[in-house]
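S.K.: Protein chains in written order, with the working numbering: chain A, 1 to 220; chain B, 1001 to 1220. The C-beta atom is built at its ideal place from N, Cα and C for all residues, glycine as well. For clarity, every value in this text was computed on a predicted model and none was experimentally measured.
Number of protein chains: 2
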Amino acid sequence: MTVTITAFECSPDRGLGLARDTRVRWALEEVGLPYQVRHLTFETMKQPAHLALHPFGQIPTYEDGDTTIFETGAIVFHLAQHHAGLLPEEAHARTRAVTWLFAALNTVEPPILEFANARILERDKPWAAERMPMVEERVHARMRQLAGYLGDTEWLDGPFSAADLMMVSVLQRLKPSGMLDGHPVLAAYVARGEARPAYQRAFEAQLADWRAGSQRAAAP
Amino acid sequence: MTVTITAFECSPDRGLGLARDTRVRWALEEVGLPYQVRHLTFETMKQPAHLALHPFGQIPTYEDGDTTIFETGAIVFHLAQHHAGLLPEEAHARTRAVTWLFAALNTVEPPILEFANARILERDKPWAAERMPMVEERVHARMRQLAGYLGDTEWLDGPFSAADLMMVSVLQRLKPSGMLDGHPVLAAYVARGEARPAYQRAFEAQLADWRAGSQRAAAP
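#1: Considering only residues of the same chain and omitting the five flanking positions on each side of B/D1064, which have a CB-CB separation below 6 Å?
#2: Counting only beta-carbon atoms, is B/Y1149 nearer than 9 Å to chain A?
#3: Given a cut-off of 9 Å, decide if A/A163 and A/L79 are closer than it, judged by their beta-carbon atoms.
#4: I want to see whether chain A comes within less than 9 Å of B/P1060, judged by CB atoms only; does it?
#5: Is any beta-carbon of chain A found at less than 9 Å from that of B/P1110?
#6: How many angstroms separate the CA atom of B/L1040 from the CA atom of B/W1210?
#7: Give the range of the beta strand (DSSP E) segment to which B/L1040 is assigned.
#8: Can a CB atom of chain A be found closer than 9 Å to the CB of B/F1056?
#9: Helix, strand or coil: how does DSSP classify B/T1107 here?
#10: Using a cut-off of 8 Å between C-beta atoms, extract the partners of A/I5 located in chain B.
#11: Can a CB atom of chain A be found closer than 9 Å to the CB of B/F1102?
#12: A/P159: which of A/D181, A/P111, A/S214 and A/A84 sits nearest, CA to CA?
#13: Determine the closest residue to B/E1114 out of B/R1142, B/P1126 and B/H1092, with distance taken between C-alpha atoms.
#14: Which residues, in chain order, does the region 180–199 of chain A contribute to contact with chain B at a C-beta distance below 8 Å?
#15: Could you tell me which residues DSSP pairs with A/E63 in its beta bridges?
#16: Which word fits A/G178, buried or exposed, when buried means at least 16 other C-beta atoms lie within 10 angstroms of its C-beta?
#17: For the region 153–178 of chain A, which residues have a beta carbon sitting closer than 8 Å to at least one beta carbon of chain B?
#18: Apply the 10 Å Cβ neighbour rule to A/T153 and answer buried if 16 or more other Cβ atoms are within range, or exposed otherwise.
#19: How about B/L1146: is its C-beta nearer than 9 Å to some C-beta of chain A?
#20: May I ask which residues mark the beginning and end of the alpha helix (DSSP H) holding B/S1169?
#21: Indicate whether at least one CB of chain B lies closer than 9 Å to the CB of A/M134.
#22: Below 8 Å on C-beta distance, what does A/H92 contact in chain B?
#23: Strictly below 8 Å CB to CB, what residues from chain B border A/E114?
#24: Going by the beta-carbon positions, is the gap between B/I1069 and B/D1021 smaller than 9 Å?
#25: Closest to A/V98 by CA distance: which of B/E1109, B/G1073, B/P1110 and B/A1205 is it?
#26: With H, G and I counted as helix, E and B as strand and the rest as coil, what does DSSP make of A/D157?
#27: Which word fits B/Q1206, buried or exposed, when buried means at least 16 other C-beta atoms lie within 10 angstroms of its C-beta?
#28: Do B/V1076 and B/M985 count as a contact pair if the criterion is CB distance below 9 Å?
#29: According to DSSP, is A/D13 helix, strand or coil?
#30: Could you work out which residue in A/R25, A/D157, A/R119 and A/T67 is closest to B/H1092 when comparing CA atoms only?
#31: Could you tell me which of A/M134, A/K125, A/A129 and A/V170 sits nearest to A/L146, measuring between CA atoms?
#32: Is it right to say A/I120 is buried, meaning 16 or more other beta carbons lie within 10 angstroms of its own, or is it exposed?
#33: With DSSP collapsed to three states, give me the class of B/W1026.
#34: I need the straight-line Cα distance from B/L1033 to A/L174, nearest angstrom please.
#35: Pull up the distance between the alpha-carbon of B/Q1036 and that of A/G15, whole angstroms please.
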């Protein structure tokens, strides 16, 4: 059974690894599953063939035999449930890891998404400069809480898990703005995640895809 | 073993049921587990005793013997995993329900949270009126996709599940603004969720708590 995921033909982040397929590639690399990629453009993402897999017309999706999944958190959780390496075996530790997986996606990521919207989609709006400090403070408040919890521990709760994979990925969205620099505990945590060989392989794979996609797009 | 959750002493939504403890109460009612509530104020939520349970100083939390969980999605998922009634048994159907649970929290809720921030926290800011249509359109775009998927089916995927509990709860945040009225498919879906006896019991319980809390707050 071959795993197939979808990703951008030419990611708008220019290969920085911030598109969500990187999270799924990372999880696949951590559990040692080979995969192939079907590339989509902003046009083909909104066509019926892809909407049948992903009702919101986004990437990534995951296909493995008769299993199809469309939400990044769900794909990573599915891989963690069915393969060793991303969730502890002991029941309480597993519950705590799943808790942090949800916290990354529903408590930490929303203010970061709002900040990314302000920084990119609303960059040229008349309110951009005046509003930005308030949006940044919403992110900083979460970062202070997370750094206070993490302290000098290596990962969120015991060994590296799907929760760390997701939390590091969520925090990476802050890197282009330099905002992570103000939180050295979190910058070091993200660096630990990025140093993992599985992350390196995932990053290189998405970067290679972006290079190939942008060359095709530039071809006459 | 008695289940204990935390909730606001006096919810800022004045008993509309929009605080996240309602989601947990609803799940507890669906699976038929009795529970008790420990009430917190905006002050006690930020004190060490609660931060030891919830690193972000929020409600709700869940305690059951030696199990403690702090994130709403994780609590609802934990209840769904360990009690009948909120997740299908068949593996593929279960994966799809978990997928929609994550989609509610990480694809549908973020633009709704951003809209709620614009509507409440930024109501008096100089950019409020000019910016609002753009924020609303981000929500409407998701609503159109979700309504297109849902069509005239009763629930997201087969029988009612934790995914519907969460999606209905996320959509309820739009009710005070009237925005749901523009999406009759979704308004009807939310109404179906609210008509469930378990939801009615959860709603009444949080409303009774709010009434008692606001009376205590008003006492001389």
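M.R.: On the basis of the coordinates in this document:
#1: Translated into the one-based positions of the second sequence, residue 1064 of chain B becomes position 64. M1001 and V1003, listed in sequence order.
#2: Residue 1149 of chain B sits at position 149 when you count from the first residue of the second sequence. So yes, B/Y1149 belongs to the interface.
#3: Walking along the first sequence from the start, residue 79 of chain A turns up at place 79. Walking along the first sequence from the start, residue 163 of chain A turns up at place 163. No.
#4: Counting from 1 along the second sequence, the entry for residue 1060 of chain B is found at position 60. For B/P1060, the answer is no, since every Cβ of chain A falls outside 9 Å of its Cβ.
#5: Locating residue 1110 of chain B in the second sequence gives position 110, where the first residue counts as 1. At least one chain A Cβ lies under 9 Å of B/P1110.
#6: For the purposes of this step, residue 1040 of chain B is identified with residue 40 of the second sequence, where counting begins at 1. For the purposes of this step, residue 1210 of chain B is identified with residue 210 of the second sequence, where counting begins at 1. Cα to Cα, B/L1040 sits roughly 12 Å from B/W1210.
#7: Along the second sequence, one-based indexing puts residue 1040 of chain B at 40. Looking at the DSSP string, the run of the beta strand (DSSP E) that includes B/L1040 is Y1035 to L1040.
#8: By one-based count along the second sequence, residue 1056 of chain B stands at place 56. So yes, B/F1056 belongs to the interface.
#9: Within the second sequence, the letter at position 107 stands for residue 1107 of chain B. In this structure, B/T1107 counts as helix in the three-state DSSP scheme.
#10: Walking along the first sequence from the start, residue 5 of chain A turns up at place 5. Neighbours of A/I5 on chain B: none; closest Cβ ~14 Å, over 8 Å.
#11: Counted from its first residue, the second sequence places residue 1102 of chain B at position 102. Yes, B/F1102 lies at the interface with chain A (some Cβ there is under 9 Å from its Cβ).
#12: On the first sequence, position 159 is the one that residue 159 of chain A refers to. Nearest C-alpha to A/P159: A/A84.
#13: Position 114 of the second sequence, counted from the first residue, corresponds to residue 1114 of chain B. Closest by alpha carbon: B/R1142.
#14: none
#15: By 1-based counting over the first sequence, the position of residue 63 of chain A is 63. For A/E63, which the question treats as bridged, DSSP gives the partners A/T4 and A/T68.
#16: Translated into the one-based positions of the first sequence, residue 178 of chain A becomes position 178. Classification for A/G178: exposed.
#17: none
#18: Position 153 of the first sequence holds residue 153 of chain A. Exposed: under 16 other Cβ atoms inside 10 Å.
#19: By one-based count along the second sequence, residue 1146 of chain B stands at place 146. Yes, B/L1146 lies at the interface with chain A (some Cβ there is under 9 Å from its Cβ).
#20: Along the second sequence, read from residue 1 onward, the residue named residue 1169 of chain B stands at position 169. That run of the alpha helix (DSSP H) goes A1162 to Q1172.
#21: Locating residue 134 of chain A in the first sequence gives position 134, counting from the first residue. Chain B contact via Cβ: present.
#22: Residue 92 of chain A sits at position 92 when you count from the first residue of the first sequence. Going along chain B in sequence order, the residues near A/H92 (Cβ under 8 Å) are D1066 and T1067.
#23: Within the first sequence, the letter at position 114 stands for residue 114 of chain A. The answer, in chain order, is P1110, L1113, E1114 and N1117.
#24: Sequence index remark: in the second sequence, residue 1069 of chain B carries index 69 (1-based). Sequence index remark: in the second sequence, residue 1021 of chain B carries index 21 (1-based). Not in contact: B/I1069 and B/D1021 (Cβ atoms no closer than 9 Å).
#25: Walking along the first sequence from the start, residue 98 of chain A turns up at place 98. Checked all of B/E1109, B/G1073, B/P1110 and B/A1205; the closest Cα to A/V98 is B/G1073.
#26: Residue numbering aside, residue 157 of chain A sits at position 157 when the first sequence is read from its first letter. Coil at A/D157, not helix or strand.
#27: As a first step, residue 1206 of chain B is located in the second sequence; it is residue number 206 there, counting from the start. Burial call: buried.
#28: Here chain B covers residues 1001 to 1220 and nothing more, so residue 985 of chain B does not appear.
#29: To locate residue 13 of chain A, count along the first sequence from 1; it is residue 13. Correct three-state label for A/D13: coil.
#30: Walking along the second sequence from the start, residue 1092 of chain B turns up at place 92. Minimum Cα distance to B/H1092 is reached at A/T67.
#31: Residue numbering aside, residue 146 of chain A sits at position 146 when the first sequence is read from its first letter. For the residues A/M134, A/K125, A/A129 and A/V170, the minimum Cα distance to A/L146 belongs to A/V170.
#32: For the purposes of this step, residue 120 of chain A is identified with residue 120 of the first sequence, where counting begins at 1. With fewer than 16 Cβ atoms within 10 Å of its Cβ, A/I120 is classed as exposed.
#33: Here residue 1026 of chain B refers to the residue found at position 26 when the second sequence is read from its first residue. Of the three classes helix, strand and coil, the one that applies to B/W1026 here is helix, per DSSP.
#34: To locate residue 1033 of chain B, count along the second sequence from 1; it is residue 33. To locate residue 174 of chain A, count along the first sequence from 1; it is residue 174. So the two alpha carbons sit approximately 41 Å from each other.
#35: For the purposes of this step, residue 1036 of chain B is taken as residue 36 along the second sequence, with counting starting at 1. For the purposes of this step, residue 15 of chain A is taken as residue 15 along the first sequence, with counting starting at 1. Going by the C-alpha atoms only, they are around 50 Å apart.
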